[in-house]
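Enquirer:
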Amino acid sequence: MPVNDTLPQLQVYNHYRRRKENFVPLDDQRTTMYVCGMTVQGPPHMGHMLAFVAADFIRRCLEYLGYPVYHVQNFTDIDDKIIARAQELGCEAGELAQQNIDLFFEAADALNIRRAHVYPRVTEHIDEIQAYIERLIEAGHAYAAQGNVWFDVRSHARYGELSGRDIDEMRSAGRVELDESKRDPLDFALWKAAKEGEPAWDSPWGRGRPGWHIECSVMSMKYLGQTFDFHGGGRDLIFPHHENEMAQSTALEGDFVRYWMHNGLLTLDGQKMAKSTGHFFSVEEVLSEFDPDAVRYYLLRGHFRHQMEYSRERLAEAAAAYDRMKRALILLEETLADSNLGIGVAEGRTSPEGLDLEAAADRSLAGFRAAICDDFNGEAAMAALFELVRETNNYLAGRSRTVCDRASVSKVLDVLREGLSVMGLFEKVGRATVPEELRALAEEREQARQSRDFARADALRDQIQSMGFCVEDTPEGPVLRPV
RNA sequence: GGCGGCAUAGCCAAGUGGUCCAAGGCGACGGUUUGCAAAACCGUUAUUCCCCGGUUCGAAUCCGGGUGCCGCCUCCA
């Protein structure tokens with residue numbers, strides 16, 4: 005997708021500086037993006053998918069604007085929760101992780117999330133993690149004690165910068181993992197000594213496994229370099245995860261992330277969805293009831309930085325809006341496929357109404373682009389598209405296809421498709437093929453209507469409906485649509 | 001206790017100094033169209049942006065003070 009000079013400057017809200025900034029990639033050949041992925045102790049829930057749909061949307065915007073994106077998203081495939089859950093189920097931790105990774109991909113595919121370029125896993129980077137920990141120890145930022153290795157938060161002047169915390173003011177003693185071998189209660193684990201029966205790797209400090217935060221430092225820098233453009237994840241990761249990650253990654257050399265982005269959390273009854281408390285809706289549950297593409301649209305509503313309350317009612321509401329757009333697309337495609345389209349209009353001429361419609365399409369596209377360039381404002385971007393839908397319907401309503409302007413109609417469809425592809429929506433939606441037998445039934449019903457046998461016509465309509473299609477009578481004849 | 005976020009119509013939601021007497025969607029009501037529907041179109045649905053003060057020629061937007069909700073400070077997208 006070409007970038008051109010008429011596009012507005014992209015602005016992004018950088019959590020690190022707490023303000024919108026002009027986006028300038030480190031390398032204009034490659035915009036780098038790291039997204040904190042799941043700890044695969046269980047299947048993905050809606051809150052996870054909100055984060056990944058948001059990241060996917062950001063990536064699509066960047067690509068649309070002409071920034072080639074290199075996208076890395078990790079899997080945390082070993083940690084306390086996974087070990088505990090696997091023991092409960094009586095399976096290997098690795099097996100459990102793999103199952104949930106498969107489920108993640110299933111959900112991501114359903115929601116039309118593009119695949120990242122790399123999905124690094126902790127268990128595949130143990131050597132690199134150990135090597136980095138050694139360097140941290142040598143540099144005096146970490147220390148080994150009783151088989152654990154702790155990051156020394158007091159050794160790093162910038163600790164607390166990202167989350168806006170002051171080490172001395174944190175009332176966290178007693179809430180943080182208690183361990184006598186720590187010099188400061190806030191010191192966090194780079195390497196955890198294994199208990200009996202736990203999956204473990206040999207290390208200079210004894211058998212154990214990586215702490216939670218070190219993987220993201222090591223893997224992001226391995227695939228993207230010491231300094232890269234975007235780092236995304238949920239707000240709940242700001243502290244301690246991202247704070248710790250930043251500390252680890254900046255302790256030895258250079259800058260780390262250039263633009264930190266955090267999505268708002270999905271709540272349920274006003275409380276954050278969280279797998280650890282069982283307070284969530286699984287993706288599976290939701291996708292069994294709603295069109296996945298409509299679910300994606302739902303997750304894309306509002307601004308991703310804001311918290312969003314999950315409810316079936318809101319989802320149904322979003323699905324209704326989704327249908328409005330879908331109908332408009334189908335109507336446009338049907339119109340363009342109509343052999344009578346524009347036959348009553350002189351070649352090369354566009355009616356005043358057609359010119360107005362084209363102007364509306366231009367406004368819509370400009371509005372859409374301005375919106376996504378303003379910190380990826382998907383809500384405002386969709387509004388620009390919906391305005392065009394209204395103007396298009398207005399143009400098409402009651403106008404014979406013979407006097408419609410093909411070029412204008414075609415332009416509208418192009419604009420809508422262009423915008424919607426950035427949203428990652430309706431990419432598989434087009435005109436439905438109607439089975440021959442249904443076409444015959446519809447024809448039969450039309451004859452019944454002509455002879456004013458409405459009882460029979462309604463019976464046929466019910467029959468068609470029971471076969472998954474609804475009949476809409478238009479001035480051009482009946483049209484069948486999948487329900 | 002500390003740090004951060006949010007509060008806009010019946011509901012969801014964009015908008016962070018004038019172009020806003022406030023987008024877009026859902027819903028509701030009235031009308032057009034229809035055999036009836038469906039869809040679509042037209043109109044109505046916030047003189048007002050949680051409250052109180054202040055700054056300004058001008059504020060939903062800035063400042064101060066409240067109130068309410070949420071997140072983080074422990075694993076978490």
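Counting from 5, one number per residue, gives the positions in the first sequence under the numbering used here. For glycine and all other residues, C-beta sits at the position ideal for the given N, C-alpha and C. Computed from a prediction, not measured in an experiment: that's the story for all the values here.
#1: Can you tell me which of the three DSSP states isoleucine 105 falls into?
#2: Check leucine 256 in the structure and name its three-state DSSP category.
#3: Which residue marks the beginning of the beta strand (DSSP E) containing valine 153, and which one marks its end?
#4: Is DSSP giving arginine 262 helix, strand or coil here?
#5: Within its chain, find whatever has a CB closer than 6 Å to the CB of alanine 148; leave out the 5 residues flanking it on each side and keep chain order.
#6: Can you list, in chain order, the residues of its chain with a C-beta nearer than 6 Å to that of glutamate 362? Leave out the 5 residues immediately preceding and following it.
#7: Suppose contacts are defined by Cβ-Cβ distances below 9 Å. Is alanine 452 in contact with leucine 484 by that definition?
#8: Can you tell me whether alanine 177 is buried or exposed, with buried defined as 16 or more other CB within 10 angstroms of its CB?
#9: With burial defined as no fewer than 16 other Cβ atoms inside 10 Å of the residue's Cβ, what is the status of histidine 121: buried or exposed?
#10: Based on DSSP bridge pairs, tell me the residues matched to threonine 43.
#11: Could you pull the DSSP bridge partners for methionine 312 from this structure?
#12: Apart from the five residues on each side of it in sequence, which residues of its chain come closer than 7 Å, Cβ to Cβ, to serine 286?
#13: How about the stretch 57-64 and the stretch 83-91: do they share at least three Cβ pairs that are nearer than 8 Å?
#14: Would you grab the beta carbon distance between histidine 160 and alanine 255 for me? Rounded to a whole angstrom, and I think it's under 8 Å.
#15: Taking 6 Å as the limit between beta carbons, can you name the residues of its chain near valine 438, skipping five residues before and five after?
#16: How would you write the range of the beta strand (DSSP E) that alanine 17 sits in, first residue to last?
#17: In three-state terms, what does DSSP make of glutamate 165?
#18: Between which two residues does the beta strand (DSSP E) carrying glycine 348 extend?
#19: Run through the stretch 212-246 for me and flag every whole alpha helix (DSSP H) of 4 or more residues, listed as ranges in chain order.
#20: Give me whichever residues DSSP pairs with leucine 484 in a beta bridge.
#21: Less than 8 Å between the CB atoms is what I'm expecting for methionine 277 and tyrosine 314, so what's the real figure, rounded?
#22: Give me the Cα-Cα distance between methionine 250 and leucine 190, rounded to the nearest whole angstrom.
#23: On the CB-based measure, 16 or more other CB atoms within 10 Å of its CB, does isoleucine 347 come out buried or exposed?
#24: Which two residues bound the contiguous alpha helix (DSSP H) that contains asparagine 26?
#25: Apply the 10 Å Cβ neighbour rule to phenylalanine 473 and answer buried if 16 or more other Cβ atoms are within range, or exposed otherwise.
#26: Going by DSSP, what residue range makes up the alpha helix (DSSP H) through phenylalanine 458?
#27: Return the Cβ separation of valine 299 and leucine 115 in integer angstroms, given the expectation that the two are a contact with Cβ distance under 8 Å.
#28: Since tyrosine 147 is in the beta strand (DSSP E), which residue starts that stretch and which ends it?
#29: What residues in its chain sit with their C-beta under 7 Å from that of phenylalanine 372, if we drop five residues either side in the sequence?
#30: Below 9 Å between beta carbons: does that hold for aspartate 183 and valine 157?
Expert: For this structure:
#1: Three-state DSSP puts isoleucine 105 in a helix.
#2: It is coil, neither helix nor strand.
#3: Element bounds for valine 153: 152-155.
#4: Of the three classes helix, strand and coil, the one that applies to arginine 262 here is strand, per DSSP.
#5: So the qualifying residues of the chain are Trp209.
#6: Excluding residues within five positions, the ones whose Cβ falls inside 6 Å are Ser412, Lys415.
#7: No, they are not a contact pair.
#8: Confidence at alanine 177 is low in this model, with a pLDDT of 42, below 50, so the placement of that residue should be treated as unreliable; the coordinate-derived value is given next. So alanine 177 counts as exposed.
#9: Result: exposed.
#10: Threonine 43 pairs with Thr80.
#11: When DSSP reads this structure, methionine 312 sits in a beta bridge with Leu270.
#12: Closer than 7 Å at Cβ, skipping near neighbours: Pro47, His49.
#13: Because the criterion of three Cβ pairs below 8 Å is not met, the stretch 57-64 and the stretch 83-91 do not touch.
#14: Their Cβ separation, rounded to whole angstroms, is 6 Å, which keeps histidine 160 and alanine 255 in contact under 8 Å.
#15: Taking valine 438 as the centre and dropping the five residues before and after it, the same chain places the C-beta of Leu484 closer than 6 Å to its C-beta, in chain order.
#16: Per the sequence shown, residue 17 should be read as tyrosine rather than alanine. Looking at the DSSP string, the run of the beta strand (DSSP E) that includes tyrosine 17 is 15-18.
#17: The answer is coil: DSSP assigns glutamate 165 none of H, G, I, E or B.
#18: Note, glycine 348: premise wrong, no beta strand (DSSP E); not H, not E.
#19: Counting only runs of 4 or more, we get 218-228.
#20: Looking at the DSSP output, leucine 484 shares a beta bridge with Val475.
#21: Their Cβ separation, rounded to whole angstroms, is 7 Å, which keeps methionine 277 and tyrosine 314 in contact under 8 Å.
#22: When only Cα atoms are considered, methionine 250 and leucine 190 end up about 15 Å apart.
#23: Isoleucine 347 counts as exposed, since fewer than 16 other beta carbons sit within 10 angstroms of its beta carbon.
#24: Element bounds for asparagine 26: not the alpha helix (DSSP H) but the beta strand (DSSP E), 23-26.
#25: Around the beta-carbon of phenylalanine 473, 16 or more other beta-carbon atoms lie within 10 Å, marking it buried.
#26: Looking at the DSSP string, the run of the alpha helix (DSSP H) that includes phenylalanine 458 is 458-470.
#27: Indeed they touch by this definition, with Cβ atoms about 7 Å apart.
#28: For tyrosine 147, the enclosing beta strand (DSSP E) begins and ends at 146-149.
#29: Spatial neighbours of phenylalanine 372 in its own chain (CB-CB distance under 7 Å, excluding positions within 5 residues in sequence) are listed in chain order as Ala385, Ala388, Leu389, Gly423.
#30: The answer is no: Cβ separation not under 9 Å.
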